[in-house]
Amino acid sequence: VRSDYYPDSSNRSAIQDSISSSEAPIRALEAEISRFQLATTQLQSRLSNIRKFQKFQHSLLSPIRRLPDELLAEIFGYICSRRINVGRSRDPIWGLQQVCKRWQTVVASTPLLW
260 VRSDYYPDSS
270 NRSAIQDSIS
280 SSEAPIRALE
290 AEISRFQLAT
300 TQLQSRLSNI
310 RKFQKFQHSL
320 LSPIRRLPDE
330 LLAEIFGYIC
340 SRRINVGRSR
350 DPIWGLQQVC
360 KRWQTVVAST
370 PLLW
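Residue numbers (this note's numbering): 260 to 373.
So, in structure tokens, the structure goes:
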């Protein structure tokens, strides 16, 4: 583009042929890139699912799960007596019940909290 070269008619024809012959490889490479992009998206989705499952399994080993309900009730009583905020709620009982089904059951079965 920056040169003073201007191809004559025979060179123009050769250049045009070269441009035309490069179209098929370009389309093939674009198609291959699309396949790789799709494969990458699928692999990223699988990786995300495996990581979520691993995180879930890790949470099953959390030490808080090994505490007996009676001890949880004691801890909850302490939290409620001090009016400690749990989550977004200003009412600690409400916040504790939102954590999981087990905590909801412990709160409901502990009259001292009500």
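Just so you know, even glycine gets a beta-carbon here, dropped at the ideal spot from N, CA and C. Note that the structure is predicted; figures quoted are calculated from it, not measured.
Between the C-alpha atoms of Ser-280 and Arg-271 there is a straight-line separation of about 14 angstroms. For Ser-318, the closest C-alpha among the options Glu-333, Ala-290, Cys-359 and Ser-307 is that of Cys-359. When the five nearest sequence neighbours on each side are left out, the beta carbons in the same chain lying within less than 7 angstroms of the beta carbon of Gln-363 are those of Gln-356, in order along the chain.
DSSP places Pro-370 in the helix class (H, G or I) of the three-state scheme. In the DSSP assignment, Ile-285 falls within the alpha helix (DSSP H) that extends over 268 to 319.
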